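A.B. asks: In terms of the UniProt record's numbering, the sequence shown opens at residue 1 and continues consecutively.
No residue lacks a Cβ here, since even glycine has one placed at the ideal position from N, Cα and C.
Quick caveat, the model's predicted, so the values are computed rather than measured.
Have a look at this one before I ask anything.
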Amino acid sequence: MGRRKFFFGDEEHIRWEVLASTVSELFRQIENSPLEKLENQNDFDYDPELGYVTSCPTNAGTGIKISFKLSTKSWENRKNASFKIPGFLEFYLENSSEFVVFYLKNFALSQKIPF
């Protein structure tokens with residue numbers, strides 16, 4: 001089973017981090033997210049035009065920022081992978097000798113103008 005951590009009061013109101021050894025385990029963890037119980041707009045700073053407002057302007061918006069990290073070795077063996085990376089995900093390399101990081105950045109509610 002993957003490891004889960006919660007962070008409160010940092011750049012986001014709440015950050016939930018899940019570490020898993022396989023993509024299937026990661027999706028199992030996400031499907032059983034404890035965050036659904038916290039989806040009340042009255043509990044967090046919320047603006048009808050900007051979405052959720054956090055202490056970091058780049059994190060304002062939908063309240064969602066998804067990223068996942070693969071070892072370079074796993075990425076090099078991707079021809080045998082049983083999953084596909086959705087085309088709309090942007091990606092960058094972090095420590096290109098060790099990791100490939102994929103992310104879906106948090107946007108404003110209009111989804112047109114990133115912050």
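So is THR54 buried or exposed if we call it buried at 16+ other beta carbons inside 10 Å?
C.D. replies: buried
A.B. asks: Do ILE14 and PHE6 have their beta-carbon atoms positioned less than 8 Å apart in this structure?
C.D. replies: Between PHE6 and ILE14, the gap from beta carbon to beta carbon is short of 8 Å.
A.B. asks: Let me check one thing: in DSSP terms, what residues is ASP47 bridge-paired to?
C.D. replies: GLY51
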